[in-house]
Amino acid sequence: MYEPGISKGIQGEPQRKVKTDLYEHHDYYMVDELLSDEHKMARAAVRDWVKQEVSPIIEDYSHRSQCPTHLFKGLAEIGAFGPSIPTKYGGGGMDEMAYGVIMQELERGDSGIRSMASVQGSLVMYPIYRYASEAQKMKYLPKLGSGEFIGCFGLTEPDYGSNPSDMITNIKDDGDAYILNGAKMWITNSPVADLAVVWAKDESGAIRGMVVERGMKGFSTPEIHGKWSLRASITGELVFEDVRVPKENVFPEIKGLKGPLSCLSKARYGIAWGAIGAALDCYDSALRYSKQRIQFGKPLGQFQLTQKKLAEMITEITKAQLLAWRLGSLANKGEATPAQISMAKRNNVHMALEIAREARQIHGGMGITDEYPVMRHMMNLETVLTYEGTHDIHLLITGMDITGLNAFK
Ligand SMILES: Cc1cc2nc3c(=O)[nH]c(=O)nc-3n(C[C@H](O)[C@H](O)[C@H](O)COP(=O)(O)OP(=O)(O)OC[C@H]3O[C@@H](n4cnc5c(N)ncnc54)[C@H](O)[C@@H]3O)c2cc1C
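Numbering (the numbering used here), first residue to last: 94 to 502.
What follows is the structure, given as structure tokens:
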């Protein structure tokens with residue numbers, strides 16, 4: 094929940110209210126006992142940063158559908174870019190659990206801010222770290238880790254979302270370079286990115302990954318406008334018209350959909366944690382409001398129907414926390430399967446969206462305003478439910494995993 098105050102506003106714009114972030118930690122099953130001191134320190138640092146840098150401005154930026162790009166540097170400083178990538182390559186050198194708790198705290202602030210970090214760390218730094226040559230790693234990763242470079246990830250196309258294997262973006266061999274043609278759609282960070290990790294088919298039909306740099310002739314990144322969701326995160330297209338991509342920019346070994354899917358697994362893992370943050374913020378706000386708001390002579394929280402809503406919220410949050418923790422333990426051992434990650438992403442995002450809707454009801458009419466973070470989280474979570482594999486696609490992945498039968502063919 095937030096308290097109104099006075100804001101600096103965005104430069105050149107009228108002043109708006111600033112929010113004081115009153116969020117308190119909720120840990121009903123003492124899951125914190127399962128975390129190390131390093132995890133808790135990382136989480137505390139991110140929480141402090143979110144309270145100081147994100148919460149006071151996020152409603153304002155969301156209203157304007159403007160990305161607070163000045164936060165990229167701060168995200169780098171708190172170690173939000175590639176927390177589990179080795180420090181030599183610009184990452185945080187921590188484990189997967191630390192990565193999870195950091196994403197949770199960021200998304201407690203806003204799913205768009207978490208998306209800025211997820212894309213940079215898991216969808217740009219991770220594929221370069223995993224698949225690029227050593228020279229390419231040293232060229233890009235330290236600058237991505239420090240926020241000097243901003244990256245984006247281009248897989249989705251206008252006509253191919255859930256089935257990226259049918260993509261039409263392609264490369265053709267041209268001596269010391271490949272010629273890239275095609276278009277990508279719904280690309281987080283693209284209009285402000287210095288480079289893009291792009292997936293395209295080569296002449297044999299194999300999906301290849303490559304780094305495309307801003308400034309390459311024929312490469313443009315028009316912004317997509319009109320979103321009601323993830324409004325503080327900038328989204329755009331990637332357009333390639335005979336772009337000459339040097340061969341050293343193409344990942345040498347990895348071929349096929351497993352390249353982009355390995356990155357998506359990494360990012361989906363972070364979302365499974367992140368969504369809990371948005372749910373916690375909605376629950377926190379609803380719990381506080383239910384004790385303050387008096388109707389029929391008593392606080393809302395004293396009515397059984399309100400208690401049912403709040404009790405179910407903390408029950409679902411607790412289940413999601415345990416799911417994420419177990420997934421983190423498996424990930425630390427390198428044993429988390431893509432299907433297990435799908436289950437956690439799907440469950441936790443849906444849980445968060447349901448909690449946002451219930452929390453909105455508890456706030457009554459106030460719930461639709463920017464006095465409280467709930468409606469913003471709710472709108473954001475509609476995107477989180479869809480990107481990185483939709484709710485239904487993840488269900489089909491679980492279905493395929495347990496039956497051994499493929500519903501996609
Ligand atoms: C704000 C935002 C940011 C994004 N950022 C990125 C990014 O940085 N990089 C990137 O590459 N992509 C990004 N995406 C794209 C995102 O991953 C896709 O939107 C998503 O994969 C779904 O694709 P689609 O929108 O084309 O929907 P479609 O694939 O057309 O699906 C539409 C509906 O049909 C359902 N459906 C599809 N196939 C089946 C099936 N076989 N069985 C049953 N139901 C099915 C889906 O579940 C969905 O409900 C972003 C999207 C948004 C909205």
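Every residue gets a Cβ at the ideal spot worked out from N, C-alpha and C, and that includes glycine.
Relative to the Cα of glutamine 454, the nearest Cα in the group Gly394, Thr496 and Val343 belongs to Gly394. Look at the beta carbons and you see the segment 407 to 425 not touching the segment 344 to 356: under three pairs across the two are nearer than 8 Å. Within its own chain, the residues whose Cβ lies closer than 8 Å to the Cβ of leucine 488, once the five positions on either side in sequence are excluded, are Arg439, listed in chain order. A direct Cα-Cα distance of roughly 8 Å separates histidine 318 from threonine 328. Contact annotation: asparagine 473 and isoleucine 369 have beta-carbon atoms that are not nearer than 9 Å. 9 Å or more divides the Cβ of lysine 294 from the Cβ of asparagine 256. In the three-state reduction of the DSSP assignment, leucine 288 falls in the strand class.
By the C-beta criterion, the segment 273 to 292 is judged to be in contact with the segment 326 to 340, since at least 3 inter-stretch pairs fall below 8 Å.
Judged by DSSP secondary structure, arginine 301 falls within the beta strand (DSSP E) whose first and last residues are 300 to 306. Going by DSSP, tryptophan 321 is part of no alpha helix (DSSP H) at all; its letter is neither H nor E. Contact between alanine 169 and leucine 199 is ruled out by a C-beta separation of about 13 Å, above the 8 Å threshold. Beta-carbon to beta-carbon, alanine 137 and isoleucine 171 are separated by about 11 Å, too far to satisfy the 8 Å threshold. Glutamine 400 and proline 392 have their C-alpha atoms spaced approximately 11 Å apart. A distance below 9 Å separates the beta carbons of tyrosine 122 and leucine 415. When beta bridges are read from the DSSP output, cysteine 245 appears opposite Ala289. In the three-state reduction of the DSSP assignment, serine 155 falls in the helix class, which pools H, G and I. Counting of Cβ neighbours within 10 angstroms places proline 315 among the exposed residues, the total staying below 16. With a cutoff of 9 Å on beta-carbon distance, tryptophan 321 and glutamate 475 are scored as near each other. When C-alpha distances from histidine 118 are compared across Gly457, Ser378 and Ser258, the shortest belongs to Ser378. Three or more beta-carbon pairs separated by less than 8 Å link the segment 217 to 225 to the segment 287 to 305, which places the two stretches in contact.
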